[in-house]
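Enquirer:
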Amino acid sequence: MNNKEYISELAQRSGYTQADTQNLVAILVESMMSAFDAGDDVSIAGFGTFEVRKRLERVVNNPATGLKMLVPPKLVLNFKPNASVKERLKNGRGVE
9 MNNKEYISEL AQRSGYTQAD TQNLVAILVE SMMSAFDAGD DVSIAGFGTF EVRKRLERVV
69 NNPATGLKML VPPKLVLNFK PNASVKERLK NGRGVE
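Mapped onto our numbering, the consecutive letters of the sequence shown carry residue numbers 9 to 104.
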């Protein structure tokens with residue numbers, strides 16, 4: 009499902025116009041980004057938790073050349089689904 013399809017579905021289910029729904033989604037994403045910038049986690053009840061984690065620097069091998077390279081530390085976004093989401097996917101109800 010792409011963004012346009014998602015907005016259309018959400019607008020239909022909520023009863024808002026697509027423009028209003030697009031604005032609400034944009035506000036949601038912007039507020040989540042602000043929380044991530046501050047290093048805070050974002051929990052959505054019944055869905056899961058988005059958290060910012062720091063990946064440590066590590067040494068990797070380039071498979072083409074065999075040379076070792078140092079990968080610098082970086083921040084990554086991680087998602088931990090709620091138990092009900094895990095169960096739903098496990099039972100195949102979330103996949104068509």
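All residues carry an ideal CB built from backbone N, CA and C; glycine is no exception.
1) Are at least three pairs of beta-carbons, each pair with one atom in the region 88-95 and one in the region 44-58, less than 8 Å apart?
2) If you reduce the DSSP assignment to three classes, tell me which class Asn69 lands in.
3) Find the nearest neighbour of Glu59 within the set Tyr24, Glu17, Lys88, Arg21, judged by alpha-carbon distance.
4) Specify the secondary structure class of Leu78 as computed by DSSP and reduced to three states.
5) Measuring alpha carbon to alpha carbon, tell me which of Tyr14, Lys98, Asn99 ends up nearest Ala34.
6) Which of the three DSSP states, helix, strand or coil, is assigned to Phe44?
7) Can you give me the Cβ contacts of Arg66 inside the same chain, cut-off strictly under 6 Å, excluding the 5 residues immediately before and after it?
8) Buried or exposed, going by whether 16 or more other CB atoms sit within 10 Å of the CB of Thr25?
Expert: On the basis of the coordinates in this document:
1) yes
2) It is a strand residue.
3) It is Lys88 whose Cα lies nearest to the Cα of Glu59.
4) strand
5) Tyr14
6) helix
7) If we look at Arg66 and ignore the five residues flanking it on each side, its Cβ neighbours are Val79.
8) That one is exposed.
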